[in-house]
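Per my numbering: the sequence shown = residues 2 to 294.
What follows is one structure encoded as structure tokens, with my remarks underneath.
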Amino acid sequence: MFELSLLCPEDKVETVSEALEALDALSVSVEDADAQTDAEQALFGEPGLPPPKEGWQRSRVLALFTTETAARDASRLLQAQDFFAGCTMLGVSAVPDQDWVRLTQSQFAPVEITPDFWIVPTWHEPPEQARRIIRLDPGLAFGTGTHPTTRMCLRWIARHPLTGQRVLDYGCGSGILAIAAARFGAATIEAVDIDPAAVRSTLDNAQANGVRLDAGLPDRASGVYGVVLANILATPLKVLAPLLCSHVAPGGSLVLAGILERQVDELKSAYEAYLALQVSDTQDGWVLMTAAR
């Protein structure tokens, strides 16, 4: 493959990227041209903050092509366009051959949740100290055990008795929390998500781990549960407050994640009419909030 690289200002990023895609680029990526310098910009998209922009004030745009001819043709055609004014072509270079599968796999090592509970990709052997494991590879759905919100939920599951419980995983993503509940003895597990791809991922991952659970769209959730888990984001969690709380059985637990430390008071206010939330765990600026009925 061959990489075409260029510099362009923020207001040209979207137009240039779309033009490269129209010129049959295999992929187009955008980087901060000032990364690792004092001029580096941070683009955030967390709840309550401005949405991320299309690019940086000085953006490096990289496009991959199958042949050098295709890359150079794209370079020539781009430079002839009026919208290219203010952009700078950096050149075309060959991409060294690599074992991309092995390179990607090397970025995902086993993840320790507790000393004896680990999330292990299928290409790794489990650590010797692992007594409970979940086999999970990166995929389309959120949840591989590496994000602080997922790890906090998994730690909560590992440290609380679930034997015989009916458990709801609301916003299941990859199904990792539902599978963990099964590993720790839950009797009945229902996992729901608004994304059909997440439902499919959950069912596939459950099968790969030898776990039985039900998965579907949110309307599958019914009745009350001993444990209700929801690892989403603060805004939908606030909207879902009455629904999630209605599913918590007397004596049951509500476990919420996807919440930043600065959002704790918002969540407490949203839930105070139903249950009293408290912070049960923190990691890297994120919090786990729980409540008991």
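Even glycine gets a Cβ: it sits at the ideal position worked out from N, Cα and C.
Cβ-Cβ separation, residue j to residue i (assumed contact under 8 Å), whole Å
i	j	result
L178	C154	5 Å
A75	L24	4 Å
S175	N206	6 Å
L218	V200	7 Å
W57	E15	About 13 Å; that fails the 8 Å criterion.
F109	R133	Not a contact, Cβ separation roughly 19 Å.
A81	S60	Between S60 and A81 the Cβ distance is about 21 Å, and since that is not below 8 Å, they are no contact.
DSSP-derived helix/strand/coil call for residue i
i	result
Y272	helix
M153	helix
R167	strand
V249	strand
S60	strand
L230	strand
P1	Residue numbering for the chain in the displayed model covers 2 to 294; residue 1 lies beyond these limits and cannot be assessed.
T283	strand
L278	coil
P237	helix
P26	Sequence check: residue 26 is Ala here, not Pro. Three-state result, A26: coil.
T291	strand
D138	coil
A36	coil
E19	helix
L5	strand
Other residues of its chain near residue i: CB distance less than 7 Å, five sequence neighbours each side excluded
i	result
A242	A271, Y272, Y275
N232	T150, T151, C154, G172, L178, A258, G259
A181	I135, L155, I158
H248	L169, A222, V225, Y226, V229
F85	L79
Q284	P149, R152, M153
K13	F84, G87, C88
T164	G186
L245	Y171, V229, A231, L255
N210	I135, R136, I180
G286	L261, E262
6 Å Cβ shell around residue i - same chain, five flanking residues per side excluded
i	result
A64	L5, L21, A26, V29
I120	V112, I135, L137, G146
L204	A216
A72	F3, L5, F66, V93
S18	V29
A183	I190, V212
P251	R294
E32	R61
Spatial neighbours of residue i in its chain, beta-carbon cut-off 8 Å, leaving aside the 5 residues before and after
i	result
P48	Its pLDDT being 48, under 50, P48 is placed unreliably by the model, and the measurement read from it follows with that caveat. So the list reads L234, A235, T236, L261, Q264, once near-sequence residues are dropped.
L268	A235, L238, K239, L257, I260, L278, M290
P116	Q130
R160	T115
T68	F3
P197	L218
Task: Given 8 Å, three or more beta-carbon pairs between the region 185-205 and the region 164-175 - done: yes
Task: Unbroken stretches of the alpha helix (DSSP H), 4 residues or longer, contained in the region 159-225 - done: 177-184, 197-209
Task: Complete runs of the beta strand (DSSP E) confined to the region 63-135 [at least 3 residues] - done: 89-95, 112-115, 118-121
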